[in-house]
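Residue numbers (the working numbering): 328 to 391. A short write-up of the structure that comes next.
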Amino acid sequence: METEITYVCNACGEDIVIPLDPSQGSMQEFVEDCPVCCRPHVIHVEIDDEGHPRAWAEPEQDYD
Numbered sequence: 328m329e330t331e332i333t334y335v336c337n338a339c340g341e342d343i344v345i346p347l348d349p350s351q352g353s354m355q356e357f358v359e360d361c362p363v364c365c366r367p368h369v370i371h372v373e374i375d376d377e378g379h380p381r382a383w384a385e386p387e388q389d390y391d
């Protein structure tokens with residue numbers, strides 16, 4: 328299984344690499360500041376039944 332995954336910052340467009348921790352479950356959600364532009368994002372990580380991860384980000388202020 329992969330140990331890192333990439334998402335795209337919605338604010339600056341940079342590819343951001345984050346560690347992947349499968350022990351936290353197949354559906355993960357956390358807030359992280361972009362290391363390039365410092366804007367906060369809600370990061371979503373899904374790991375499917377075959378162990379393939381997918382990550383995406385939403386600006387924190389848009390998230391309810």
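Every residue gets a Cβ at the ideal spot worked out from N, C-alpha and C, and that includes glycine.
Query	Result
How long is the line joining the alpha carbons of T330 and I374, rounded to whole angstroms?	12 Å
If you draw a straight line from the C-alpha of Q388 to the C-alpha of H368, how long is it?	8 Å
Give every residue of the same chain whose Cβ lies closer than 7 Å to the Cβ of I332, excluding the five residues on either side of it in the sequence, and list them in chain order.	I345, L347, V372, P380 and A382
Please go through the same chain and pick out, in chain order, the residues whose beta-carbon is closer than 6 Å to the beta-carbon of C339, but skip the five residues on each side of it.	V363 and C364
Go through its chain and collect everything with a Cβ distance to V358's Cβ below 8 Å, but skip five positions before and after it.	P367, H368, V369, I370 and E387
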